[in-house]
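When you line the sequence shown up against mature numbering (1 follows the signal peptide of the UniProt record, and there is no 0), it's residues -18 to -1, 1 to 488, in that order.
As structure tokens, the structure follows; a few thoughts come after it.
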Amino acid sequence: MKNILILLFALFAVALKADDRTVPGRTLSVTPQNALIHLPEFRKRSYKVFIQDEKGIWQPIEARNALVSSFSKHPQIWNDWENQKLLRDTMSYALFVRDFAKNVKVRVEPCFRFRNVEIRPVSYGIDYKRVKGGIEFELTDASQKVSVEFDGDRAENLFLFPDLPDVDKPAQDVPDVLYYGVGQHDAGRIVMKSNQTLYLDEGAFVYGYVVGKGIENVRIAGRGILCGAKETHCDERRTQLINFEHCRNVEISGVTLIDSPAWTIRLKNSQDLLVDNVKQISWILNSDGLDVCNSREVRVRNCFFRNYDDCITIKNQELAKMGCEDVLVENCVGWTDCANVFLVGPECGTSREPRTNYIRNVTFRNCIVLETPALYDSKEGDDGWRGGCAAINARVGIYEGLGGGGRMSDILFENIQIENLYGGRPIAVEIVSDGTDTGSLSGVVFRNITFTGDKYLPAQVRGVSREFPLQNVTFDNVVFNGRQIKKADCRKYLFVNPYIENLQFK
């Protein structure tokens, strides 16, 4: 018996020591230290997931681990500069592809006892039934990306990401296709050129990051996973997971993005951009889901983001080649653990660049907010815009090195559903200044916004001064817990300071 145990231990040690395989031009290697500390897939799995095939047989699908940082559990933590990842939470996610010719039956078996289950977004109306060891439910459409939460646990929950087959899948042997098939790949830095497609096929798990500068007609697509877990997270070398600058006609669609060291997707000084059906989970400070910087003609749709930082933010940074305009975000689901879900700002341009210092014509439509944190407990605290579901923050002045003096106008939030939060502000709009610059924010509309919940901070609308008021803000059919906000009783739901011009309620 002793010899058998020694043999088993030796085999286990060999398995941990290295997993070295090669693919053309690439080597895969996992060390024990990386496996145990940096790669969450080596942590204990919490869920088993099955889907029923055409013959009624339950087929297992892989439930992978991903690191997250729940602010409610770790309010003192902003970053992990030693890159240990030991104080993080481990959630799970499962991907599968079906044609959805009929409803897909799903079974989830958690590796723990439970009493209650919630499947969100609640607006999808997905019911479940208890079965031995777990629950069963049906998904009617591939657009139903959901969070399965046992006993109210939003830190270590399960995401399900169904997809349709990719009808635009390219051939593998085409010269302009960078193809990654089933299995694990250590790609490192992937540099794209004009007219290329980077394709991550179903079952591909690619460690690396993507850059593209001064190129056009490029596409990142597939049903695979791009993961930044092996990249530096804790110093100036950390990079965006996907970064396109000075580009035209860029598409990012279908892929799942995990553990970005910094901003997950940055699109800067670019135009004619599409981000479609992208799924994300990130845990670190600055792991914004999508940063649209000084870009135009941008379409973002059908995405599902969970980020520690802002999910989708529209910015105007310095050294810009163009302003930021004509941005449409629709049919997206957002979840932030320590920031904002849908945000315009805080970088909004500088008066030193008057030809490009604007953000305008931005629309968020038909979107769902699953979570924002309760970062502050006062009605008028510092950085009261943080933790906003639908948020606008205009930096007027040279504030914290972000620059200021930009012009922001014509911003619409429409048909936004905000689900029961553990905290945060349903709406937050403000201008911040240090008094050294000028700028403006006007033409903001919140239309058909619904919020349901009892754990939240009051909405907030603040101008900075009489010299820099917030102008022309409209609340059109904004409903909190079944009551429409009207002018007569708006202060029950909103903090409004004196520096607002033309605040309307419809």
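Every residue, glycine too, gets a C-beta built ideally from N, C-alpha and C.
Predicted model only: the values in this text are computed from it and were never measured.
Practice task
Tell whether a beta-carbon distance below 9 Å holds between residue 194 and residue 171.
Solution key: If you number the sequence shown from 1, residue 194 lands on position 212. If you number the sequence shown from 1, residue 171 lands on position 189. For residue 194 and residue 171, no; Cβs fall outside 9 Å.
Exercise for the section: With DSSP collapsed to three states, give me the class of residue 306. Expected result: To locate residue 306, count along the sequence shown from 1; it is residue 324. Correct three-state label for residue 306: strand.
Practice task
Confirm, please, whether the CB-CB distance from residue 116 to residue 26 is below 9 Å.
Solution key: Here residue 26 corresponds to residue number 44 of the sequence shown, with the count starting at 1. Here residue 116 corresponds to residue number 134 of the sequence shown, with the count starting at 1. No, these two residues do not count as a Cβ contact at 9 Å.
Practice task
Run through the stretch 240 to 303 for me and flag every whole beta strand (DSSP E) of 3 or more residues, listed as ranges in chain order.
Solution key: 247 to 250, 253 to 258, 261 to 263, 272 to 275, 278 to 283, 286 to 289, 294 to 298
Exercise for the section: Could you check the C-alpha separation between residue 389 and residue 211 for me, to the nearest Å? Expected result: Against the sequence shown, residue 389 aligns to sequence position 407. Against the sequence shown, residue 211 aligns to sequence position 229. If I take the Cα positions, the gap works out to 37 Å.
Practice task
My understanding is that residue 205 touches residue 179, with C-beta atoms under 8 Å, so please give their C-beta distance in whole angstroms.
Solution key: Translated into the one-based positions of the sequence shown, residue 205 becomes position 223. Translated into the one-based positions of the sequence shown, residue 179 becomes position 197. In fact, because the Cβ distance is near 14 Å, the residues do not count as touching under 8 Å.
Practice task
Return yes when the Cβ of residue 322 is within less than 9 Å of the Cβ of residue 330, no when it is not.
Solution key: Here residue 330 corresponds to residue number 348 of the sequence shown, with the count starting at 1. Here residue 322 corresponds to residue number 340 of the sequence shown, with the count starting at 1. Not in contact: residue 330 and residue 322 (Cβ atoms no closer than 9 Å).
Practice task
Decide if residue 464 is buried, meaning its Cβ has at least 16 other Cβ atoms within 10 Å, or exposed.
Solution key: In the sequence shown, residue 464 corresponds to position 482, counting from 1. Residue 464 should be labelled exposed.
Practice task
Rounded to whole angstroms, what's the CA-CA distance from residue 296 to residue 273? Just pull it up for me.
Solution key: The sequence position of residue 296 within the sequence shown is 314, counting from 1. The sequence position of residue 273 within the sequence shown is 291, counting from 1. Rounded to whole angstroms, residue 296 to residue 273 spans 6 Å at the Cα level.
Handout entry: Beta-bridge pairing of residue 227 - partner residues as DSSP gives them
Key = Indexing the sequence shown from 1 puts residue 227 at position 245. Beta-bridge pairing links residue 227 to 195, 250.
Handout entry: Per-residue burial, residue 470 [other beta carbons within 10 Å of its own, 16 or more giving buried]
Key = Walking along the sequence shown from the start, residue 470 turns up at place 488. Residue 470 comes out exposed.
Problem - 6 Å CB neighbourhood of residue 285 in its chain, flanking five on each side removed - result: For the purposes of this step, residue 285 is identified with residue 303 of the sequence shown, where counting begins at 1. Here the set comprises 260, 314.
Problem - Three-state class that DSSP yields for residue 106 in the structure shown - result: On the sequence shown, position 124 is the one that residue 106 refers to. Helix at residue 106.
Practice task
Note down the Cα distance separating residue 90 from residue 301, rounded to an integer number of angstroms.
Solution key: Stepping through the sequence shown from its first residue, residue 90 is reached at position 108. Stepping through the sequence shown from its first residue, residue 301 is reached at position 319. So the alpha carbons of these two residues sit roughly 50 Å apart.
Practice task
Report all residues from its chain with a CB closer than 6 Å to the CB of residue 280; omit the five preceding and five following residues, and keep chain order.
Solution key: Taking the first residue of the sequence shown as position 1, residue 280 is located at position 298. 255, 274, 309.
Problem - Buried or exposed by the 16-neighbour rule on C-beta atoms within 10 Å, applied to residue 337 - result: Start at 1 with the first residue of the sequence shown, and residue 337 comes out as number 355. Residue 337 is exposed by the Cβ-count criterion.
Handout entry: Element boundaries [beta strand (DSSP E), containing residue 315]
Key = Against the sequence shown, residue 315 aligns to sequence position 333. Run containing residue 315: 315 to 318, per the beta strand (DSSP E) assignment.
Practice task
Please confirm if the stretch 98 to 108 is in contact with the stretch 160 to 167, defined as three or more CB-CB distances below 8 Å between the two stretches.
Solution key: no
Practice task
Look up residue 444 in the DSSP assignment and say whether it is helix, strand or coil.
Solution key: If you number the sequence shown from 1, residue 444 lands on position 462. In this structure, residue 444 counts as strand in the three-state DSSP scheme.
Practice task
With distances taken Cα to Cα, identify the nearest neighbour of residue 473 among 226, 118, 439.
Solution key: The residue given as residue 473 occupies position 491 in the sequence shown. Ranking the options by Cα distance to residue 473, first place goes to 439.
Practice task
Could you tell me which residues DSSP pairs with residue 144 in its beta bridges?
Solution key: As a working note, residue 144 is residue 162 in the sequence shown. DSSP, once it has assigned bridges, lists 78 as partnering residue 144.
Problem - Cβ-Cβ separation, residue 371 to residue 341 (assumed contact under 8 Å), whole Å - result: Here residue 341 is taken as the residue at index 359 of the sequence shown, counted from 1. Here residue 371 is taken as the residue at index 389 of the sequence shown, counted from 1. Actually they are not in contact, since the Cβ atoms of residue 341 and residue 371 sit about 19 Å apart, beyond 8 Å.
Exercise for the section: For residue 240, count neighbouring Cβ atoms within 10 angstroms of its own Cβ and tell me buried if that reaches 16, exposed if not. Expected result: Position 258 of the sequence shown, counted from the start, is the residue given in the question as residue 240. That one is buried.
Handout entry: Three-way DSSP call (helix, strand, coil) for residue 87 in this model
Key = Start at 1 with the first residue of the sequence shown, and residue 87 comes out as number 105. Note: residue 87 maps to strand in three-state DSSP.
Handout entry: Cross-strand partners of residue 150 (DSSP beta bridge)
Key = Stepping through the sequence shown from its first residue, residue 150 is reached at position 168. Residue 150 pairs with nothing; no bridge assigned.
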